[in-house]
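Take a look at the structure set out below.
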Amino acid sequence: MTGAIPALSHRLRPVLAAICLGVASLGATSVLMPAPALARGPDGIADVAEKVIDAVVNISTSQTVEAKGGGAEGRGAMPQLPPGSPFEEFFDDFFKNRRGGPGGPGGQKGGDLQPRKTNSLGSGFIVDTSGIVVTNNHVIADADEISIIMNDGSKFKAELVGVDKKTDLAVLKFTPTKPLIAVKFGDSDKLRLGEWVIAIGNPFSLGGTVTAGIVSARNRDISSGPYDNYIQTDAAINRGNSGGPLFNLDGEVIGVNTLIISPSGGSIGIGFAVPSKTVAGVVDQLRQFGELRRGWLGVRIQTVTDEIAESLSIKPARGALIAGVEDKGPAKPAGIEPGDVVIKFDGKEIKEPKDLSRVVADTAVGKEVDVVIIRKGAEETRKVTLGRLEDTDKAVPAAVKKDEPAPEKPVTQKALGLDLATLSKDLRGRYKIKDSVKGVIITNVDSASDAADKRLSAGEVIVEVAQEAVSNAADVKKRVDQLKKDGKKSVLLLVSNADGELRFVALSVQ
């Protein structure tokens, strides 16, 4: 024992010397100086947690799962959870230990498995003292029974008011037996990077758990849905926190905790919350209509790349490029056309396509709005009366497979690394191109060309070159040669697939 102390002191000698040197240089009055307050975090966290924690609830759901009998199929039967659901491990634990499962009585013989109930847990929060609760859709998806568990342990049966799968939000209602505490939405648009936030929820079914962190990023798009606009935070969010609130230091809800990135399943400091600006609008519509009624412009859009911007004389590259206009959509009678670039919608700047998708969806159906576009280098304003987006999933038409050999056909022109032919009846039949599609067909693509990098393929049809319609291969060659003479660096093509769906592609002419 006595030999251990000198050895420890020897190892610490350089550190102790540095500390002594620092003390001597600071003076005796500085030795006991407390750490800066910011290093400990804001003092208001405890006050906020105490004020709002009774408005945060646990969500418990149950689902009846039909078990399959007859050997391995029956033994392996598992409920299908929504993608990204945080409750896989609860289902897994249940099925591993279920009566009649592997190692249990009667589980592997005779096909006598009976339907079983599975349970999952999540979080939510009260937004109205009448008993209105907000949570994630994936928390209650396919549930047969939904229960609200209060912070004091009291339990209530809940009814589903409505869900929005695109933003993964749901609204529930229950009948309280005593006065409730409700929380209010704050303005997520005012959040600043580095601002302190507080998450409260039910991680791993522990209930009433408070964690704190900062806003790591805003407007995060992780490609999980059409309206991605997440708040990223390093506040600890784990399985079971889904549907719980993210608070600012004023005790206002500025987000709904929804997703985490984690190889292990536990928090690694990368969590995402749906911003309150989105949540508030969705909740209002679900409470009023039981469904979402989103605005609809009736266009297909794509990104304005630097090359496309140069072709359209737009500086700097910005906005949402109109790639197609629905014949029966609101944009058609307003005079919006393919090739237009939307830079402002209802007074809001449009920097990229996602901006337009979000602002259109959030705009009231039937409202007349001003849409500012750039057409052939000049700004124009169009008035559009929005329609309603039908919430249906459309099947994606099959494209021509790239590994299918192109039909042998005499090539009439070569340009931009493309073999081009005038569209004929025979070519329409070979590539299954609709009669409504007009233009020049691509029969082959040079694998070393810019066209190959931009994913052009045989069977696609060039409809326009530099916003001028083309009807034969010679037209394309003529337009490209003229652009080269004019000193243009790229050419903008309007390309259609076999089903008539359009997109713009900018190719280098150098």
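Oh and the sequence shown: position 150 is 150 in full-length UniProt numbering, straight run, nothing missing. Every residue gets a Cβ at the ideal spot worked out from N, C-alpha and C, and that includes glycine.
Neighbourhood of residue i by C-beta distance below 7 Å, restricted to the same chain and skipping five residues each side
i      : result
Thr422 : Thr412, Val440, Asn472, Ala473
Gly266 : Asn238
Ser242 : Pro86, Gly122, Ser123, Asn136, His138, Val139, Asn257, Thr258
Asp128 : Ala182
Asn219 : Asn229
Met150 : Val57
Ile350 : Gly319, Ala320, Val342, Ile343, Lys344, Leu356
Gly201 : Val56, Ser123, Thr209, Gly240, Asn241, Gly244, Asn257
Gly44  : Leu249
Beta-carbon contacts of residue i that lie in its chain and below 8 Å, excluding the five residues immediately before and after
i      : result
Lys348 : Asp355, Val359
Asp221 : Asp228, Asn229, Tyr230, Lys354
Leu206 : Gly240
Glu379 : Ile343, Val372, Ile373
Leu502 : Arg300, Ala323, Gly324, Pro338, Val463, Leu494, Val495, Ser496
Ile53  : Asn151, Ile200, Gly208, Val210
Val330 : Reading off the sequence shown, one finds Pro at residue 330, where the question assumed Val. Trp296, Leu297, Gly298, Val384, Thr385, Leu386, Gly387.
Neighbour-count burial assignment, residue i, 16 or more Cβ in a 10 Å radius
i           : result
Glu464      : buried
Arg288      : Checking the sequence shown, residue 288 turns out to be Gln, not Arg. Exposed is the call here.
Lys157      : exposed
Pro245      : buried
Glu460      : buried
Ala217      : exposed
residue 521 : Beyond the ends of the chain as shown, which are 1 and 510, falls residue 521; an answer cannot be given.
Gly319      : buried
Glu390      : exposed
Arg479      : buried
Ser223      : exposed
Asp475      : buried
Leu456      : buried
residue 511 : With the chain running from 1 to 510 in the structure shown, residue 511 is simply not present.
Pro226      : exposed
Pro203      : buried
Trp196      : buried
Ala364      : exposed
Val436      : Per the sequence shown, residue 436 should be read as Ser rather than Val. Exposed is the call here.
Gly162      : buried
Endpoints, the alpha helix (DSSP H) within which residue i is located
i      : result
Tyr227 : Segment: none, Tyr227 is in no alpha helix (DSSP H) and carries neither H nor E.
Asp426 : 425-431
Phe289 : 276-289
Ala309 : 306-311
Asp47  : 44-52
Proximal residues to residue i (C-beta, below 6 Å), its chain only, five neighbours per side dropped
i           : result
Ser449      : Gly417
Asp164      : Val282, Leu292
Gly339      : Gln467
Ala199      : Thr211, Ala235, Ile237, Leu246, Asn257
Ile268      : Ser262
residue 517 : There is no way to answer for residue 517, as the model of the chain reaches only from 1 to 510.
Ser313      : Gly377
Lys184      : Glu252
Leu427      : Ile441
Leu38       : Because the pLDDT at Leu38 is just 47, under 50, the model does not fix this residue reliably, and the point stays unresolved.
Ser311      : Ser490, Leu492, Ala506
Ala309      : Ala317
Lys432      : Ala498
Enclosing beta strand (DSSP E) for residue i [first to last residue]
i           : result
residue 536 : Given a span of 1 to 510 for the chain in the structure shown, any question on residue 536 remains unanswerable.
Asp419      : 418-422
Asp453      : Asp453 -> not in any beta strand (DSSP E); alpha helix (DSSP H) instead, spanning 450-453.
Ala212      : 209-220
Lys414      : 413-415
Phe174      : Per DSSP, Phe174 belongs to no beta strand (DSSP E) and is neither H nor E.
Thr381      : 378-385
Gly255      : 253-260
Arg375      : 368-375
Arg300      : 299-303
Leu456      : First-last for Leu456: undefined, no H or E at that position.
Pro245      : 245-247
Contact test: residue i Cβ vs the ligand MG heavy atom, cutoff 7 Å
i      : result
Gly298 : Within the structure as shown, the ligand MG is missing, as the structure has no ligands at all.
In chain order, each beta strand (DSSP E) run of at least 3 residues that lies wholly inside the region 314-357: Listed in chain order, they are 320-325, 341-345.
Segments of 3+ residues assigned as beta strand (DSSP E) that fall wholly inside the region 470-508: The region 470-508 contains these whole beta strand (DSSP E) runs: 490-496, 502-508.
Three-pair Cβ contact test at 8 Å for the region 224-241 versus the region 256-267: Yes: at least three Cβ pairs fall under 8 Å.
The region 47-59 contacting the region 118-127, beta-carbon criterion three pairs below 8 Å: Taking 8 Å as the limit for Cβ pairs, the verdict is that the region 118-127 does touch the region 47-59.
At least 3 beta-carbon pairs within less than 8 Å: the region 295-303 vs the region 183-200: In short, these stretches do not touch, since the Cβ pair count stays below three.
Start-end ranges of the beta strand (DSSP E) lying completely within the region 181-207, minimum 3 residues: Taking 3 residues as the shortest admissible run, the region 181-207 contains the following complete beta strand (DSSP E) segments, listed from N- to C-terminal end: 196-201.
4-residue-minimum alpha helix (DSSP H) runs that sit fully inside the region 108-169, ordered along the chain: Along the region 108-169, the alpha helix (DSSP H) occurs as fully enclosed runs of 4 or more residues at 137-140, listed in sequence order.
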